[in-house]
Structures are given as C-alpha cells and as structure tokens.
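Numbering (mature numbering (1 follows the signal peptide of the UniProt record, and there is no 0)), first residue to last: -22 to -1, 1 to 42.
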C-alpha cells in the first residue's frame, strides 16, 4: 500500500512539473513584444503631436 501511494505521489509530481520541461511559450513572448512595441510607437506619435501643437500655438515651452 505504501509503494502504491508513493508511486502515485511521484507520478502526480512528475505530471505537474511537465510544463517546466516544456520550455518558454514563444507565442506569449512574441505577443508581449509586439504589444510593447505598439505602445512605444504610440508614445512617440503622441509626443510628436504634442510638439507640433506647441509649435503651432507658439508656446514651445518659452518663459516670458
């Protein structure tokens, strides 16, 4: 009986750790990279639009 329980516990431990042996999920990693790149592009576009708006209004962060 003790052998059976130990065998079942060992099998359960092995099965639950299979994902650790599978390696990284490249699909998720690539999606995260694409999302980060998209956010960076949007940030640059917003900064550019803000600079253009400042130039058009004549403020351009000049005091006085």
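Even glycine gets a Cβ: it sits at the ideal position worked out from N, Cα and C.
- Message: Within a Cβ cutoff of 7 Å, which residues of the same chain sit near residue 31, ignoring the five residues on either side of it in sequence?
- Response: Excluding residues up to 5 positions away in sequence, nothing lies with its Cβ nearer than 7 Å to the Cβ of residue 31 in the same chain.
- Message: Helix, strand or coil, according to DSSP, for residue 36 in the structure here?
- Response: Assignment of residue 36 by DSSP, reduced to helix, strand and coil, places it in the coil class.
- To the nearest angstrom, how far is it from the Cα of residue 1 to the Cα of residue 7? The alpha-carbon atoms of residue 1 and residue 7 are separated by roughly 12 Å.
- Item | Which of helix, strand or coil DSSP assigns to residue -4 | Three-state DSSP puts residue -4 in a helix.
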